[in-house]
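Going line by line, the protein sequences match chains Y and H. The numbering of the first sequence is this note's numbering, which starts it at 4 and goes up by one. The numbering of the second sequence is this note's numbering, which starts it at 106 and goes up by one. What follows is a set of notes on a single structure, which appears directly below.
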Amino acid sequence: MTTFPEFIQQNEDRDGVRFSWNVWPSSRLEATRMVVPVASLFTPLKERPDLPPIQYEPLLCSRATCRAVLNPLCQVDYRAKLWACNFCYQRNQFPPTYAGISEVNQPAELLPQFSTIEYVVQRGPQMPLNFLYVVDTCMEDEDLQALKESLQMSLSLLPPTALVGLITFGRMIQVHELGCEGISKSYVFRGTKDLSAKQLQEMLGLSKPTAAQANRGPQQPQVPPSNRFLQPVQKIDMNLTDLLGELQRDPWPVTQGKRPLRSLGVALSIAVGLLECTFPNTGARIMTFIGGPATQGPGMVVGDELKTPIRSWHDIEKDNAKFMKKATKHYEALANRAAANGHIIDIYACALDQTGLAEMKCCTNYTGGYMVMADSFNTSLFKQTFQRVFTKDVQGAFKMAFAGTLEIKTSREIKISGAIGPCISLNAKGPCVSENVRGHQEQQLCLIHLQAPLCIKLSTFYFFLQHNAPIPQGGRGAIQYVTQYQHSSGQRRIRVTTIARNWADAQTQIQNIAASFDQEASAILMARLAVYRAESEEGPDVLRWLDRQLIRLFMFHLRRSPFLQVFNNSPDESSYYRHHFMRQDLTQSLIMIQPILYAYSFNGPPEPVLLDSSSILPDRILLMDTFFQILIYHGETVAQWRKAGYQDMPEYENFRHLLQAPVDDAQEILHSRFPMPRYIDTEHGGSQARFLLSKVNPSQTHNNMYAWGQESGAPILTDDVSLQVFMDHLKKLAVSSAA
Amino acid sequence: MNVNQQPHMASPYGQPQPGYQGYPQSGYGGQHVPGGYPAPYAPYNGPASAYQPGPPQGMRGPPTSGAPPVSAAQAYSQFGQGDIQNGPPPLGAPPQRSVFSQPFPTAAPPFSAPGPTQPPGPPLASQQTFPQAPPPSQPPFSSAPPQVPPASYGGPPPPVQASHPRAAPPTSQPAAFPGGPPPTSTPTQYTGPPMQQPPVSQPSSFHSGPPPPPTSAAGFPPQGGAPPRPPHPGIQGPPLASQGPPMSQANHVAPPQPGMLAGPPVPGMAGPPPQPGMQGYPPQQNGEYCRYSCCLSGSQASDIPPVQKTRHRIDPDAIPSPIQVIEDDKANKGSEPFVTGVRGQAPPLVTTNFHVKDQGNASPRFIRCTAYNIPCTSDMAKQSQVPLAAVIKPLATLPPDENSPYIVDHGESGPIRCNRCKAYMCPYMQFIEGGRRFQCGFCSCVTEVPPHYFQHLDHTGKRVDCYDRPELSLGSYEFLATVDYCKNNKIPQPPAFIFLIDVSYNAVKNGMVRIVCQELKTLLDYLPRENPDVQSNIRVGFATYNKVLHFYNVKASLAQPQMMVVSDVADMFVPLLDGFLVNVSESRVVIESLLDQIPDMFADTRETETVFGPVIQAGLEALKAADCAGKLFVFHTSLPIAEAPGKLKNREDKKLVGTDKEKSLFQPQVSFYANLAKECVAQGCCVDLFLFPNQYVDVATLGVVPTSTGGSVYKYTYFQAQSDQERFLNDLRKDIQKKVGFDAVMRVRTSTGIRATDFFGSFYMSNTTDVELAGLDCDKTVTVEFRHDDKLSEETGALMQCAVLYTSCSGQRRLRIHNMAVNCCAQLADLYRNCETDTIINFFAKYAYRCVLNNPTKNVRDSLVNQCAQILACYRKNCASPSSAGQLILPECMKLLPVYLNCVLKSDVLHPGADVSLDDRAYLRQLVSAMDVAESHVFFYPRLLPVHKLDVECDTLPVAIRDSEERLSKGGIYLLETGLNLFLWVGANAQQELLQNIFGTPAFGQIDSNMTSLPILDNPYSKRVREIVESFRAQRSRYMKLMVVKQEDKLELIFKHFLVEDKNNSGGASYVDFLCHMHKEIRQLLS
């Protein structure tokens, strides 16, 4: 048998699943004692180029409450053409299409290597993808120009049959009618008045996709339904390009001392409403580009007086953010509506100040949308990130999926107690769902129907073991993830992943269980749990909770990370960081918490070094990757050399190589990551060096500068405790924990 | 004779319109029957038959046999019938006749008129002609001419003369009169004849009002054998009869027309007549008043068969003629300039062409008063009942030879004003203490003269610079206003014009959208501006709408206009600001592209529902957003029934007409628009509404905003691009180009003793003194009524100052001041001597038209009649020398009051016919409320011009004739102008040459009655006629569509509606009847 680390790796590669424990304790009591819950990190749409989609539909268990999919774990009676559901033990007859089944002729879904398998649903019309741009026009001309160009560029990246729409907003909201000749036409709404989908439908003169249309669908799949506002790219490519080109800055004058009036709340509402009444349950993205906070109407985040600054954490704690609650409620309602229809909301916020991401986070979080924050639309950070949204895989399909739902089936012994990730609950009740979500009260997600799992690398599921009777030794608990989604080709697909793990009695097989512990996964799981709590509770409480739960080295960094620390971060930034933390895969999440630090010097090849102030040496170049930032730091001496221009002299070519090495590595990271990180090139004493200094362990501070003697790292001016102090304290606690 | 002839004609008329016939029939029949018609008729029959042959041969001879056979034939047949019937039961036939009898006879004479070529004849001849002319006329054509002259010139005079010569006979009549007065028995009889008394004998006839004339006719036969009614017509038409009639006239009208004559009639003609008149009545103030004896001979009844008890027929020519008065005024006052310096002097009539010299009082073009001598005390005013009012047209356009008001700049401190009453510096300010102070002429308060304005006085106490400063020497001038006079103390932005075009199905289908868009392209170059060299400062914006609104971004930087749809009509807003209101020259390309595309964009629209409230709201919001005043041009087609604020429902219910609930039809359906209007006024948003309805649109409600904001409503019912385009476009052009001020406030200050108490017009008032006009153009008139609140003194007279603060089209804030001083009188006679009937009528009409909002129309009519009766009775009582009660004595200045008043009473608003829609009435009601005197005059008493008498050589117009069918000649062509409509009536026997010249075809039958403009022919006649038509149009604020009405054509019914001296088919009294009625009323008041 392979070692656990190998097993884990293999599992992750094949199914995109990692469990905190790979052998499960067989009773609830034991599970509770283990502190780290049994939970999985699951990537629903893990890229599997090797996985051929199956061109027929999955075979479901006939028990109405189960409906699990036939999988390799099922027992099959080839002679009787029967199969037993491994979740509910229901015996099911194979349908006629499986008549030829036998031990030697097994369908793919029964082969053990296809624990993850993807079906293509052939029924129903192929629905087009919708991309609805929601564009803020209250921004500097330069920004607007850059944005316009990005948008125009994006048209060429869309599949020709995809439908696009355009909504612009400033003081008013304009829904542009596409494909009209001559005069461009748009419907205008005032930004202070929210509209229900029905009102909107009347005002835009839309009719719901009628039955006739729906019926016609199958016969003429090549003619996707469209309306005046959402039209196929191939048809209105030029038109829309012109339209975007003619976009003007919001024409309403902004008096001095005021923010421009920006009706983001209503604009989003209209976007959601428009899709709601035209393409319900069809894949759609609402891509929102904002250059500042909403300043009027429902969803406003701040007033238009410049003298009142946008809320900070301080205000929020003091309950001074008077728009916050209302705005959050507005966006939450929108997010729920969008999610219920399988529509995604992306937010691209580019402004130097906050834009209200804290209020709007649910829009992206519930719907699986992207949240991108940058300083300007005219930065490569935005431009490349945006471009990367449309990345395609080898088959030329988008690396995104639409309108997905994720259903989880479990063995009887185990139930789901919640999920954390870019999803919302469909509030379905079922045998797999725990009725009492003890232990994770904060998660009221009773059923985990995942919405729009498009770029979700990972969502976390917590399972709640419910054993009424001890489980027979050697038995296995199984979990089946069924993900239905709309592929970017328009097909509906179903991906089924079935996982089984052994049960073990904690008393007798504690070593087994311990050996199966996945430290990394657990760390992330706990971190997410903490962040989740942090979202709903106040900071210090969460830290205390975390401290009580379990403490490891990595928790030191977690405590200091922006995910939990709000000091020095705006509410928007916190939301942004948390958003990404919740959905990146394990490795990336780890980086976020504990940034990676590489050192480049003449002393040898690049090496990872401790994230410690002692690593900051004058003759080194450091490359730090915090996921959001890629930072190259030139030590004092190196910086001086560089300034002196040694790299340009042929005799110091090696220096040039040294300088180049981290840059090349950084580029590599930059190219692969979404969203694109901020790239920082700085040096000792540079203002941007603060990003590095704030991350490293302050083993040397102004307080103990000389205490460490010989090795001279860079002292950090901070009152934060260093890891050493933290560990000392921790040890003390651990020992006396009995108390 | 006549009678016979008439029926003959009548039948053709009647046939086409059953309604018409029906009416008369019922009315007549009733009357006749009781009246014992048979008898009177019998005699007629004889002559009639005899005559018959005559007319047909002479005049219609050809037609009967030829072209018009059908009608002719019918006519004949009927005639025949008539004849037959005539003998026995008058029931069937008579009615028709009676009705038409009038027209016919008149028609005949005019016909002969073409003869104008024989000018010599008329004047002198006229007298003779009268009696004699007829005979000659008989001969087919040649006869015609002779007759003509009398008709045209003599129109007025002839009668007079006729009467005069017969002055002698009067005696006989006098006898009748005395008879009349005789209390006991007579009174009743008297009254009877005029209106109701007679009922006994001819009850039905009388009640029906109009019929009287016929009755009289009936009565006549016995007398001379010549029907009374036909008399005039008869006279001219039927030669044979002619002799008879004169006689009869003489008899009846004997005491006639001193008054008429008094007012010097046409010079030539006048000569003789006046004298007789004068002589006849010398005792009384010369020419001061006119007496008309109503020939009501109760006593005569005795000599006439019972039936005829009725009364003697009044000769229409014997009663005051508007034409006469107009011509007299032209002759007397038209030649020399009117100098405004003299206080208390009535200006020439509006119909007279005159030149004004401003010498301290405002030109009558700006202000006209009902009375130029105001009674000193309120008691006198109450007694006389003469309304004291001024009709003010603050921005009136002046003829090119008169200077528009000078602009005065008093510098930064603004115009100099009285400290107490805030009156502006004007010629009535008395400088005292060597010029250091001035005393206000209005309130007598003494105010310091600011140092920079100081000037020494000369020996007469006048400032030395008096004549250098308009504000010290002129009646009208303008001040530049300072920032203190601006809204929010901010210099106003240049105003904006916003065009809001209905693009619903109807609008597209009837071609309106295309026409408007096409026209705007050129029209935008003609936006109002103050200096013709520079471009207009006015910005423009465009929006279209049906159920939703479409705004257009036409910013200059765009390659294509952008359309922005606002469908949230419940909560209107403007979607954009920057590109909506633009400068025409900058955005020309984009605008043109837009206007080109609009018609195509909506060409296939299926949307039939429209909104209206939100449309105005949208314009208002746009102006608000741009922080400027402006004007909305709304082009609208249908009742706004789409779900939106201001939604209306169809409430047209003809059954309510004539009931107490009728008033509700004039009131707006919902209060929404009144509130909206208030907001508009606050922003200075004036709304002009162009309506193109196919059915009821509720003008009463839709018009609220335009009429409250100083805007106009234009209505083009059943608009058809082909035929109505020209009218609409001309209206639009005029409307856009005309001089206009925005965000105006008007205040009228008066000297102590009187006060402006009531205002009429298109405006809004938030308090009792300030008239707020969101927009004020050169055609808008405000009528102000004054009341006493103290005594006035004869020495100082009464002063009024009308100050209008407005924003000019270039965005300059200005004050226009009009000053007016009138005399105060202690004698009522002075009041009556210096008043202006046209203005009084203007006031009465506006007053009555407002009253219908709250009172049943009948009450309104009654109170009008009552007030006029009181005015006249007061005169009779206090100013006229005693005379028999049977005489109707009218003040010279008011002798037309009855005829004009009758026109007001008969107007569609106060007395609608069955075919007048509610919308029309509401439209006219609103229209009249902002009319000036000239417009109201022609509106109520249309101008009827005998085109066939045109002298191509000279550029004077032929003298107009009175609005009565009797005066139309079958051989003539007449142009009738009402200020809103223009008719060219072509007599069936019009000269071929004339037709050829004007219409390009010699055949009557080939004239296309659908033509809206005259063919352009290269002959002086055609040219001249077209010139006249053009000049008429140029005089009016609205373009008049030309309708060609052929005699006996369907359209003639409409045309006849404007012959206001005749009774109309909805029951409006004829002039003669009404005069009798007035007389009765007066006598009742006096007794």
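We put the CB at the ideal spot given by N, CA and C, even for glycine.
Exercise. With a 10 Å radius around its C-beta and 16 neighbouring C-beta atoms as the bar for buried, classify Y:Q13 as buried or exposed.
Key: Looking at its Cβ environment, which holds fewer than 16 other Cβ atoms inside 10 Å, Y:Q13 is exposed.
Quiz item: Hey, does Y:L247 have any beta-carbon neighbour from chain H nearer than 8 Å?
Solution: Look at Y:L247: its C-beta is not under 8 Å from any C-beta on chain H.
Exercise. Compute the minimum distance between the beta carbon of H:I1159 and the heavy atoms of the ligand SAM, and state whether it is under 7 Å.
Key: Ligands are entirely absent from the displayed structure, and the ligand SAM is therefore not among its contents.
Exercise. Rounded to whole angstroms, what's the CA-CA distance from H:E1186 to H:N971? Just pull it up for me.
Key: Cα-Cα distance, rounded: 8 Å.
Quiz item: Under three-state DSSP, which class holds Y:G194?
Solution: DSSP, reduced to helix, strand and coil, places Y:G194 outside both helices and strands of the structure shown, so it counts as coil.
Exercise. Quick one: grab the DSSP three-state call for H:V1091.
Key: DSSP places H:V1091 in strand when its eight states are reduced to three.
Quiz prompt | Status (buried if at least 16 other CB within 10 Å, exposed otherwise) for H:I596 | solution = Label assigned to H:I596: exposed.
Self-check item: Short Cβ contact (8 Å threshold) for Y:R252 with Y:D144
Solution: Yes, these two residues count as a Cβ contact at 8 Å.
Quiz prompt | Outcome for H:N651 when other beta-carbon atoms lying within 10 angstroms are tallied against a minimum of 16 | solution = Counting Cβ neighbours within 10 Å, H:N651 comes out buried, since at least 16 surround it.
Quiz prompt | Under the three-state DSSP convention, the category H:Q825 falls into | solution = H:Q825 falls in the coil class under three-state DSSP.
Exercise. Provide the residue span of the beta strand (DSSP E) that contains H:H741, from first to last.
Key: Where H:H741 is concerned, the enclosing beta strand (DSSP E) stretches over G735 to H741.
Quiz item: Would H:D607 pass as a contact of H:H741 if the rule is Cβ separation under 8 Å?
Solution: The Cβ-Cβ distance between H:D607 and H:H741 falls below 8 Å.
Exercise. Report back the beta-carbon spacing between H:R522 and H:Y533 to the nearest angstrom; my notes put them in contact at under 8 Å.
Key: The C-beta distance from H:R522 to H:Y533 rounds to 13 Å, too long to fall under 8 Å, and the pair is not in contact.
Quiz item: Given a limit of 7 Å on CB to CB distance, which residues of the stretch 1064 to 1095 of chain H reach chain Y?
Solution: Within the stretch 1064 to 1095 of chain H, no residue qualifies.
Quiz item: So with Cβ pairs under 8 Å, would you call Y:S266 a contact of chain H?
Solution: The Cβ of Y:S266 sits no closer than 8 Å to any Cβ of chain H.
Self-check item: Residues near H:R619 by beta carbon distance below 6 Å, same chain, minus five either side
Solution: Around H:R619: P704.
Quiz item: By how many angstroms is the C-alpha of Y:E15 removed from the C-alpha of Y:F117?
Solution: Going from the Cα of Y:F117 to the Cα of Y:E15 covers about 14 Å.
Quiz item: Whose C-alpha, out of H:N939, H:R955, H:L1081 and H:P996, is nearest the C-alpha of H:P480?
Solution: Considering only H:N939, H:R955, H:L1081 and H:P996, the residue with the shortest C-alpha distance to H:P480 is H:N939.
Exercise. Per DSSP, which residues does Y:D349 bridge with? Please list them.
Key: Looking at the DSSP assignment, Y:D349 forms a beta bridge with Y:M290.
Quiz item: For Y:Q20 and chain H, any beta-carbon pair shorter than 8 Å?
Solution: Contrary to the premise, residue 20 of chain Y reads as Val rather than Gln in this sequence. The beta-carbon of Y:V20 is placed no less than 8 Å from the nearest beta-carbon of chain H.
Practice problem: Run down chain H in chain order and give the residues with a C-beta less than 8 Å from the C-beta of Y:M206. | Solution: The answer, in chain order, is V653, S672 and D673.
Quiz item: When you compare only the Cα positions, how much space is there between Y:P131 and Y:W316?
Solution: Approximately 42 Å, taken between the alpha carbons.
Self-check item: Contact between the stretch 775 to 795 of chain H and the stretch 812 to 823 of chain H (3+ Cβ pairs under 8 Å)
Solution: When Cβ pairs closer than 8 Å are counted between the two stretches, the stretch 775 to 795 of chain H is seen to touch the stretch 812 to 823 of chain H, the count reaching three or more.
Quiz item: When DSSP builds the beta bridges, which residues end up paired with H:P930?
Solution: Before going further, note that residue 930 of chain H is Cys rather than Pro in the sequence given. Residue pairing for H:C930: DSSP places it in a beta bridge opposite H:P480.
Quiz prompt | Own chain partners of Y:N276 with C-beta closer than 6 Å, once the 5 adjacent residues on each side are dropped | solution = Sequence check: residue 276 of chain Y is Gly here, not Asn. Excluding sequence neighbours, Y:G276 sits near A200 and L203.
Quiz item: For Y:I11, which residues of its own chain have a beta-carbon under 7 Å away from its beta-carbon, when the five flanking residues on both sides are left out?
Solution: Answer for Y:I11: R21, N25 and D521, listed in chain order.
Quiz item: Starting from H:S769 and walking both ways along the alpha helix (DSSP H), at which residues does that stretch end?
Solution: E767 to F771 is the extent of the alpha helix (DSSP H) around H:S769.
Quiz item: Smallest Cα separation from Y:I502: which of Y:D575, Y:Q483 and Y:F380?
Solution: When each option's Cα is compared against that of Y:I502, the closest is Y:Q483.
Quiz prompt | Same chain only: Cβ atoms within 8 Å of H:S581, ignoring 5 sequence neighbours per side | solution = D463, A467, S468, F471, P510, R921, I922, H923 and N924, listed in sequence order.
Quiz item: Once you ignore the five residues that flank Y:F390 on each side, which residues in its own chain have a CB closer than 8 Å to its CB?
Solution: Per the sequence shown, the amino acid found at residue 390 of chain Y is Gln instead of Phe. Excluding the 5 residues flanking it on each side, Y:Q390 has same chain C-beta neighbours closer than 8 Å at S153, M156, S157 and L160, in chain order.
Quiz prompt | First and last residue of the uninterrupted beta strand (DSSP E) at H:P427 | solution = In the DSSP assignment, H:P427 falls outside any beta strand (DSSP E) and within the unbroken alpha helix (DSSP H) covering P427 to K438.
Quiz item: Using the rule of at least 16 other Cβ atoms within 10 Å of the residue's Cβ for burial, across every protein chain shown, is H:A273 buried or exposed?
Solution: The pLDDT assigned to H:A273 is 36, lower than 50, so where the model puts this residue is not dependable, and the model offers no usable value.
Quiz item: What three-state label does DSSP hand H:R1141 in the structure shown?
Solution: Correct three-state label for H:R1141: coil.
Quiz item: Can you give, in chain order, each stretch of the beta strand (DSSP E) that sits fully within the stretch 1033 to 1110 of chain H and has at least 3 residues?
Solution: If one requires a minimum length of 3 residues, the beta strand (DSSP E) runs lying completely within the stretch 1033 to 1110 of chain H are 1048 to 1051, 1078 to 1082 and 1086 to 1091, in chain order.
Quiz item: Short check: CB of Y:Q237 to CB of Y:T164, under 8 Å?
Solution: Yes, the pair counts as a contact, with Cβ atoms nearer than the cut-off.
Quiz prompt | N-terminal and C-terminal residue of the beta strand (DSSP E) that Y:Y337 is part of | solution = It is Leu, not Tyr, that sits at residue 337 of chain Y in the sequence shown. Element bounds for Y:L337: not the beta strand (DSSP E) but the alpha helix (DSSP H), M327 to A343.
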